[in-house]
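**Student:**
Residue numbers (my numbering), protein chains in the order written: chain A, -7 to 90; chain B, -7 to 90; chain C, -7 to 90; chain D, -7 to 90.
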């Protein structure tokens, strides 16, 4: 199980707004069945790493389908093998210490 | 107003757990008065960019004070001048399209 | 053709040095046939995006095989469809303007 | 001494090309006196962390001065206190193992 954040940034679109692209990504994520959480600076996924990378690869195409000619996608993988990492476990682990 | 995510990663600590470092960061953030939100892969701050960078610079020192000898800090600045960007505005802007 | 930077960071290894992990990654990259360039903060690959992501997925496992229990891998994809992006084109494009 | 990579990405400019923005950044970097190295996915700086962050803060404004209304700036700080980290040391440390 990995926890992975990604941020998709279309470049040269002529608009400073990215929310329609992010919304398109989330519609596909919902259908994918991969657990996901929208955050202010990206989307966080949780699950088997190969499943996660496959879905990011898929949604990376969406801005191109919407007309963008250049897309920057940032991915941050947190992969832990000594215990089951998850979005909830990561947040609880910190808040329990506060 | 900018929205900025940061992630502080101490290296070579001998433990795979980072939550005590993150908790220390959040205690300082709470005192700083800068609006912040804990996410699974980092912390998101909102406010004037100079204030945000000053507080990140400060908390970047905390793992060293706790004994770490190498720290990687990732910062992602989203700075918008055509409208007032904020954590809430960014999330609402997406969810209103879903 | 995409240009992709990645950085693999094993956590909790007890050593602040990462170079042996990076060297192991580069030995596998050399065998992979994907064009690559070592930079101070990561490795840059160039080629078809699916080939690049497959090789990053493979080398992400190397620190686990060397004993690490947690690995953070950062990936930054720059994917351009209006012209052939490449490492050389990106550098030349800037230096020609200086 | 820290080694820091940054990437400045103006959004909504209507052009997929970023090289003129990067060139403007490098002209200011050259005047700053901070050691720097252009890589395919960003710029790497080396020196005292406060000096580096001050120069990144300064060049982050350049795309706004050139008309951009939204700028995303990615920063990756590698700060080591057990030995003198530098761009050359990081590269040599890996290549000596290959």
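Built from N, CA and C at the ideal position, the CB exists for glycine as well.
Can you tell me where the beta strand (DSSP E) holding residue 32/C begins and where it ends?
**Tutor:** The residue you call residue 32/C lines up with position 40 of the third chain. Note, residue 32/C: premise wrong, no beta strand (DSSP E); not H, not E.
**Student:** Could you tell me the alpha carbon to alpha carbon distance between residue 14/D and residue 36/C, rounded to whole angstroms?
**Tutor:** Sequence index remark: in the fourth chain, residue 14/D carries index 22 (1-based). Sequence index remark: in the third chain, residue 36/C carries index 44 (1-based). C-alpha separation (whole angstroms): 18 Å.
**Student:** On the DSSP letters alone, give me the boundaries of the beta strand (DSSP E) that residue 2/D sits inside.
**Tutor:** Within the fourth chain, numbered from 1, the residue matching residue 2/D stands at position 10. Counting along the chain, the beta strand (DSSP E) containing residue 2/D begins and ends at -6 to 3.
**Student:** If you compare alpha carbons, which of 40/B, 49/B, 8/B is closest to residue -2/B?
**Tutor:** Residue -2/B sits at position 6 when you count from the first residue of the second chain. Closest option to residue -2/B, Cα to Cα, is 49/B.
**Student:** Locate the alpha helix (DSSP H) running through residue 87/C, then write down its first and last residues.
**Tutor:** Position 95 of the third chain, counted from the first residue, corresponds to residue 87/C. First-last of the alpha helix (DSSP H) with residue 87/C: 79 to 87.
**Student:** Hey, residue 71/B and residue 63/D: beta-carbon distance below 7 Å or not?
**Tutor:** Here residue 71/B refers to the residue found at position 79 when the second chain is read from its first residue. Here residue 63/D refers to the residue found at position 71 when the fourth chain is read from its first residue. The answer is yes: Cβ separation under 7 Å.
**Student:** Mind checking if residue 65/C is an interface residue toward chain A, Cβ cutoff 7 Å exclusive?
**Tutor:** Here residue 65/C refers to the residue found at position 73 of the third chain. Yes, residue 65/C counts as interfacial toward chain A.
**Student:** Confirm, please, whether the CB-CB distance from residue -5/D to residue 38/D is below 7 Å.
**Tutor:** Within the fourth chain, the letter at position 46 stands for residue 38/D. Within the fourth chain, the letter at position 3 stands for residue -5/D. Their beta carbons are under 7 Å apart, which means residue 38/D touches residue -5/D by this criterion.
**Student:** If you reduce the DSSP assignment to three classes, tell me which class residue 37/C lands in.
**Tutor:** As a position in the third chain, residue 37/C is number 45, starting the count at 1. If DSSP states are grouped into helix, strand and coil, residue 37/C belongs with the strands.
**Student:** Against residue 69/B, what residues of chain D qualify as contacts under a CB-to-CB distance less than 8 Å, listed in chain order?
**Tutor:** One-based indexing of the second chain puts residue 69/B at position 77. What residue 69/B touches in chain D: 52, 63, 64, 65, 66, 67.
**Student:** Using 10 angstroms around the beta-carbon of residue 5/D, count the other beta-carbons present and answer buried if the total reaches 16, otherwise exposed.
**Tutor:** Counting from 1 along the fourth chain, the entry for residue 5/D is found at position 13. Under this definition residue 5/D is a buried residue.
**Student:** Looking at the unbroken alpha helix (DSSP H) that takes in residue 73/D, where does it start and where does it end?
**Tutor:** Looking up residue 73/D in the fourth chain gives position 81. First-last for residue 73/D: undefined, no H or E at that position.
**Student:** If I measure Cβ to Cβ from residue 68/C and keep anything under 6 Å in the same chain, skipping five residues before and after, which residues do I get?
**Tutor:** Reading the third chain from its first residue, position 76 is the one you call residue 68/C. So the list reads -3, once near-sequence residues are dropped.
**Student:** For residue 44/B, which option in 8/B, 61/B, 20/B, 82/B has the closest C-alpha, if you only look at C-alpha atoms?
**Tutor:** Translated into the one-based positions of the second chain, residue 44/B becomes position 52. It is 20/B.
**Student:** Closest Cβ-Cβ distance between residue 43/C and chain A: below 7 Å?
**Tutor:** As a position in the third chain, residue 43/C is number 51, starting the count at 1. So no, residue 43/C is outside the interface.
**Student:** In three-state DSSP terms, what is residue 45/C?
**Tutor:** Counted from its first residue, the third chain places residue 45/C at position 53. In the structure shown, residue 45/C sits in a helix (DSSP, three-state: H, G or I).
**Student:** I want to see whether chain C comes within less than 7 Å of residue 40/D, judged by CB atoms only; does it?
**Tutor:** On the fourth chain, position 48 is the one that residue 40/D refers to. By this cut-off, residue 40/D is not an interface position.
**Student:** Under 7 Å Cβ to Cβ from residue 23/C, same chain only, skipping five residues before and after it: list those, please.
**Tutor:** Counting from one through the third chain, the residue named residue 23/C turns up at place 31. Hits under 7 Å: none found.
**Student:** Can you check whether the C-beta of residue 59/B is within less than 7 Å of a C-beta belonging to chain C?
**Tutor:** Locating residue 59/B in the second chain gives position 67, counting from the first residue. Answer no: the Cβ-Cβ gap between residue 59/B and chain C never drops below 7 Å.
**Student:** Is the CB of residue 24/D under 7 Å away from at least one CB in chain C?
**Tutor:** Stepping through the fourth chain from its first residue, residue 24/D is reached at position 32. No - not a single Cβ of chain C is within 7 Å of the one on residue 24/D.
**Student:** Please report the distance separating the alpha-carbon of residue 12/C from that of residue 60/D.
**Tutor:** As a first step, residue 12/C must be located in the third chain, where it is residue number 20. As a first step, residue 60/D must be located in the fourth chain, where it is residue number 68. Cα to Cα, the separation comes out at about 42 Å.
**Student:** Over what stretch of residues does the alpha helix (DSSP H) that includes residue 53/B continue unbroken?
**Tutor:** Translated into the one-based positions of the second chain, residue 53/B becomes position 61. Element bounds for residue 53/B: n/a, residue is neither H nor E.
**Student:** Using a Cβ-Cβ cut-off of 7 Å, state whether residue 33/C counts as contacting chain D.
**Tutor:** Locating residue 33/C in the third chain gives position 41, counting from the first residue. Taking 7 Å as the threshold, the shortest C-beta distance from residue 33/C to chain D falls below it.
**Student:** Under 8 Å by Cβ, that's how I've got residue 1/A and residue 18/B pegged, so tell me the actual separation to the nearest angstrom.
**Tutor:** Position 9 of the first chain, counted from the start, is the residue given in the question as residue 1/A. Position 26 of the second chain, counted from the start, is the residue given in the question as residue 18/B. Not quite, the Cβ-Cβ distance comes to about 27 Å (not below 8 Å), so this is no contact.
**Student:** In terms of alpha-carbon separation, which member of 65/B, 46/B, 29/B lies closest to residue 83/B?
**Tutor:** Residue numbering aside, residue 83/B sits at position 91 when the second chain is read from its first letter. Comparing Cα-Cα distances from residue 83/B to each of 65/B, 46/B, 29/B, the minimum goes to 29/B.
**Student:** Is residue 15/C close to chain D, meaning its C-beta is less than 7 Å from at least one C-beta of that chain?
**Tutor:** Against the third chain, residue 15/C aligns to sequence position 23. Chain D contact via Cβ: present.
**Student:** Can you tell me the Cα-Cα spacing of residue 51/A and residue 55/B, whole angstroms?
**Tutor:** Reading the first chain from its first residue, position 59 is the one you call residue 51/A. Reading the second chain from its first residue, position 63 is the one you call residue 55/B. Straight-line Cα distance between these residues: approximately 36 Å.
**Student:** What separation, rounded to the nearest whole angstrom, lies between the Cα atoms of residue 3/B and residue 66/C?
**Tutor:** What you label residue 3/B is simply residue 11 of the second chain in a count that begins at 1. What you label residue 66/C is simply residue 74 of the third chain in a count that begins at 1. Taking the straight line from one Cα to the other gives about 15 Å.
**Student:** According to DSSP, simplified to helix, strand and coil, what is residue 21/B?
**Tutor:** One-based indexing of the second chain puts residue 21/B at position 29. In the structure shown, residue 21/B sits in a helix (DSSP, three-state: H, G or I).
**Student:** Spell out whether any CB of chain C is found under 7 Å from the CB atom of residue 73/A.
**Tutor:** The residue labelled residue 73/A in the question sits at position 81 within the first chain. Chain C, which has a Cβ nearer than 7 Å to the Cβ of residue 73/A, makes this yes.
**Student:** Count the other C-beta atoms from every protein chain shown that fall within 10 angstroms of the C-beta of residue 90/B, then say buried if there are 16 or more, exposed otherwise.
**Tutor:** Position 98 of the second chain, counted from the first residue, corresponds to residue 90/B. Exposed.
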